[in-house]
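Worksheet: the structure to be examined is printed underneath.
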Amino acid sequence: MCCDLKKRFLLLYATQKGQAKAIAEEIWQQAGAHGLEADMHCLSEMDKYNLETEKDPVVIVISTTGTGDPPDTARKFVKKIQDTTLPPGHFAHLQYGLLGLGDSEYTFFCNGGKTVDRRLQELGARHFYNTGLADDCVGLELVVDPWIDGLWLALKETFLFQKEKEGMNSDVDGVSGSLSAAPHIMHELKLSSNVQNLKLGEGVRSSDSLSQKLVDINLVASARNTEPSLVHSVPPLSQSTLNIPALPPEYIEVQFQDTHGENPCLSSLISEGTTFEVPVTKAVQLTREDAIKTALLLELDIADTVFDYQPGDAFCIICPNNISEVEELLHILGLSEKDECFVSVKVKQDTKKKGAAHPQHIPERSTLKFILTWCLEIRAIPKKAFLRALVECTSDVGEKRRLQELCSRQGASDYTRFIRDSNVCLLDLLHAFPSCKPSLNLLIEHLPKLQARSYSASSSNLYHPGKLCFVFNIVEFPACPTRPVSWKGVCTGWLAELVAPLLHPNKSTLNTKGGSSSNEKV
Numbered sequence: 312m313c314c315d316l317k318k319r320f321l322l323l324y325a326t327q328k329g330q331a332k333a334i335a336e337e338i339w340q341q342a343g344a345h346g347l348e349a350d351m352h353c354l355s356e357m358d359k360y361n362l363e364t365e366k367d368p369v370v371i372v373i374s375t376t377g378t379g380d381p382p383d384t385a386r387k388f389v390k391k392i393q394d395t396t397l398p399p400g401h402f403a404h405l406q407y408g409l410l411g412l413g414d415s416e417y418t419f420f421c422n423g424g425k426t427v428d429r430r431l432q433e434l435g436a437r438h439f440y441n442t443g444l445a446d447d448c449v450g451l452e453l454v455v456d457p458w459i460d461g462l463w464l465a466l467k468e469t470f471l472f473q474k475e476k477e478g479m480n481s482d483v484d485g486v487s488g489s490l491s492a493a494p495h496i497m498h499e500l501k502l503s504s505n506v507q508n509l510k511l512g513e514g515v516r517s518s519d520s521l522s523q524k525l526v527d528i529n530l531v532a533s534a535r536n537t538e539p540s541l542v543h544s545v546p547p548l549s550q551s552t553l554n555i556p557a558l559p560p561e562y563i564e565v566q567f568q569d570t571h572g573e574n575p576c577l578s579s580l581i582s583e584g585t586t587f588e589v590p591v592t593k594a595v596q597l598t599r600e601d602a603i604k605t606a607l608l609l610e611l612d613i614a615d616t617v618f619d620y621q622p623g624d625a626f627c628i629i630c631p632n633n634i635s636e637v638e639e640l641l642h643i644l645g646l647s648e649k650d651e652c653f654v655s656v657k658v659k660q661d662t663k664k665k666g667a668a669h670p671q672h673i674p675e676r677s678t679l680k681f682i683l684t685w686c687l688e689i690r691a692i693p694k695k696a697f698l699r700a701l702v703e704c705t706s707d708v709g710e711k712r713r714l715q716e717l718c719s720r721q722g723a724s725d726y727t728r729f730i731r732d733s734n735v736c737l738l739d740l741l742h743a744f745p746s747c748k749p750s751l752n753l754l755i756e757h758l759p760k761l762q763a764r765s766y767s768a769s770s771s772n773l774y775h776p777g778k779l780c781f782v783f784n785i786v787e788f789p790a791c792p793t794r795p796v797s798w799k800g801v802c803t804g805w806l807a808e809l810v811a812p813l814l815h816p817n818k819s820t821l822n823t824k825g826g827s828s829s830n831e832k833v
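If you read the sequence shown in the working numbering, its first letter stands for residue 312, the second for the next number, and so on.
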């Protein structure tokens with residue numbers, strides 16, 4: 312940068328489950344190191360920014376939800392820009408770059424981002440940086456990491472061009488001459504969800520000499536019989552200088568209390584919609600005992616609820632984490648004796664995290680066991696920012712180095728192979744890296760909300776009034792090198808255990824009509 316003051320850009324995000332916000336925060340953290348200042352806001356905070364008068368570059372990170380819809384936090388913004396009375400040149404002054412998040416397993420891939428991108432173009436806005444579309448099916452980082460890497464050059468060149476345009480290029484050496492021939496800067500990054508993104512991400516520091524390449528070849532040859540794993544790397548990665556993410560600032564403070572009381576009701580954990588607690592009246596196993604997958608049909612009694620539905624409608628079930636996994640996590644963290652202690656969760660007063668707020672899915676006051684059982688997704692695949700934070704909690708030098716590799720640019724393929732594709736979770740990491748002892752506040756900061764699971768109604772309220780049926784397969788995660796025992800899905804495993812008395816009734820549970828009775832509710 313050829314100026315003393317940091318150059319500002321507007322950073323907007325719209326998120327449904329926190330992914331887009333986390334990526335925006337990563338951009339915000341990196342901006343300072345590049346001599347830039349990110350003015351970050353959620354798209355829903357329309358009183359804090361104004362695109363109609365915005366002169367600086369705009370960076371947008373937006374996810375997709377439902378069947379291709381923009382996230383809830385973007386709905387008001389999308390409705391505003393889709394106003395048909397807006398003229399074609401309404402945003403002719405605007406320069407922006409957009410990163411869309413989606414999942415190619417769904418029909419309308421990245422449609423939230425595509426909708427905003429298409430409409431901004433129709434209203435005259437211009438790209439200063441090509442749109443990136445990241446695919447959660449293969450790994451968001453395959454596109455996100457190289458997109459962020461290229462963003463800084465695109466921003467700086469945009470600022471240089473603006474300065475030249477304003478006639479303030481006296482301090483620019485030769486750069487403005489090459490830029491003046493173009494009306495605006497366009498960086499052609501072929502951002503797609505395949506391996507070439509890894510090449511793009513690793514190419515940032517590709518200045519190796521021929522001799523270094525020969526050394527790398529010899530290192531690879533000497534390690535031919537050594538296979539990498541979750542806890543072990545091989546050359547060239549094990550010999551590489553690493554580019555690791557910035558350490559996320561801590562922002563949560565946890566205090567144990569001596570008081571007693573009751574935990575909040577489960578319905579308070581749901582911010583939208585109406586919640587009902589209903590009995591399970593019937594359970595049938597639809598597959599044979601030797602079938603590859605086990606399919607169950609469950610019937611719920613909704614007669615006492617105001618719950619109208621059509622066949623095929625989606626509904627969500629609030630489920631807990633597996634209790635044995637919760638207890639194991641408490642044991643590893645050395646908190647088993649405090650599982651029923653009430654904890655107070657607050658935002659640190661001196662935190663450096665921008666926009667730090669109390670997580671909405673964490674009660675202000677509840678027991679530690681309640682938080683780990685009902686609030687946090689302890690099976691979540693750790694993000695790189697979480698791995699980076701875990702580095703600081705690890706005492707063994709070798710374990711610390713491996714965690715650094717897994718969250719580094721150079722270790723992107725190892726992260727995909729040994730973390731993402733292997734469905735590794737926090738418990739797996741704590742077993743694999745025993746010197747890693749994270750604090751409770753770190754878990755609350757980095758583990759996402761335990762989401763209610765969605766199912767489809769397989770019955771009709773007209774044919775079976777007061778009943779709601781649904782069918783599901785029990786999800787199985789087989790044992791693997793990083794996990795010696797098999798796992799069942801969080802919700803499907805819990806439901807199967809819940810209705811076991813209905814599936815295998817004994818004489819004491821048979822009623823006079825020959826059916827089985829159960830007091831279990833969901």
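All residues carry an ideal CB built from backbone N, CA and C; glycine is no exception.
CA-to-CA distance, residue j to residue i, given in whole angstroms
| i | j | result |
| --- | --- | --- |
| residue 353 | residue 680 | 32 Å |
| residue 864 | residue 579 | Here the chain comprises residues numbered 312 to 833, so residue 864 is not present and cannot be evaluated. |
| residue 322 | residue 436 | 16 Å |
| residue 724 | residue 547 | 12 Å |
| residue 702 | residue 754 | 14 Å |
| residue 637 | residue 328 | 22 Å |
| residue 600 | residue 594 | 15 Å |
| residue 661 | residue 797 | 43 Å |
| residue 694 | residue 549 | 21 Å |
| residue 331 | residue 614 | 40 Å |
| residue 474 | residue 423 | 33 Å |
| residue 271 | residue 430 | Given a span of 312 to 833 for the chain in the structure shown, any question on residue 271 remains unanswerable. |
| residue 652 | residue 564 | 16 Å |
| residue 743 | residue 428 | 43 Å |
| residue 732 | residue 455 | 17 Å |
| residue 568 | residue 672 | 20 Å |
| residue 358 | residue 417 | 33 Å |
| residue 812 | residue 560 | 48 Å |
| residue 785 | residue 632 | 15 Å |
Integer Cβ distance of residue i from residue j, believed to fall under 8 Å
| i | j | result |
| --- | --- | --- |
| residue 697 | residue 757 | 4 Å |
| residue 683 | residue 641 | 7 Å |
| residue 699 | residue 718 | 5 Å |
| residue 405 | residue 462 | Not really, about 17 Å apart at Cβ, beyond 8 Å. |
| residue 392 | residue 434 | 7 Å |
| residue 692 | residue 735 | 6 Å |
| residue 545 | residue 537 | 5 Å |
| residue 372 | residue 410 | 5 Å |
| residue 779 | residue 611 | 5 Å |
Proximity of residue i and residue j at Cβ, strictly below 7 Å
| i | j | result |
| --- | --- | --- |
| residue 628 | residue 810 | no |
| residue 333 | residue 324 | no |
| residue 384 | residue 355 | yes |
| residue 670 | residue 575 | no |
| residue 369 | residue 381 | no |
| residue 596 | residue 738 | no |
| residue 781 | residue 803 | no |
| residue 340 | residue 557 | yes |
| residue 790 | residue 622 | no |
| residue 566 | residue 655 | yes |
| residue 419 | residue 450 | no |
| residue 367 | residue 415 | no |
| residue 591 | residue 808 | no |
| residue 581 | residue 715 | no |
| residue 562 | residue 664 | yes |
| residue 705 | residue 746 | yes |
| residue 465 | residue 439 | yes |
| residue 795 | residue 688 | no |
| residue 630 | residue 805 | yes |
First through last residue of the beta strand (DSSP E) which encompasses residue i
| i | result |
| --- | --- |
| residue 350 | 347 to 353 |
| residue 709 | It is not in any beta strand (DSSP E) - residue 709 instead sits in the alpha helix (DSSP H) that spans 708 to 718. |
| residue 596 | 591 to 596 |
| residue 566 | 563 to 568 |
| residue 610 | 606 to 612 |
| residue 678 | 676 to 678 |
Alpha helix (DSSP H) segment containing residue i, residue limits
| i | result |
| --- | --- |
| residue 697 | 695 to 702 |
| residue 804 | 801 to 809 |
| residue 725 | 723 to 726 |
| residue 637 | 634 to 643 |
| residue 629 | Counting along the chain, residue 629 falls outside any alpha helix (DSSP H), and DSSP gives it neither H nor E. |
| residue 331 | 330 to 342 |
Legend entry - 3-residue-minimum beta strand (DSSP E) runs that sit fully inside the stretch 419 to 460, ordered along the chain: Runs of the beta strand (DSSP E) inside the stretch 419 to 460: 443 to 446.
Legend entry - Segments of 3+ residues assigned as beta strand (DSSP E) that fall wholly inside the stretch 378 to 421: Those beta strand (DSSP E) runs which fall completely within the stretch 378 to 421 and span 3+ residues are 406 to 413.
Inset, instruction - Kindly provide the ranges of any beta strand (DSSP E) runs that are 3 or more residues long and lie completely inside the stretch 739 to 778, ordered along the chain. - result: Complete beta strand (DSSP E) runs here, min 3: 764 to 767.
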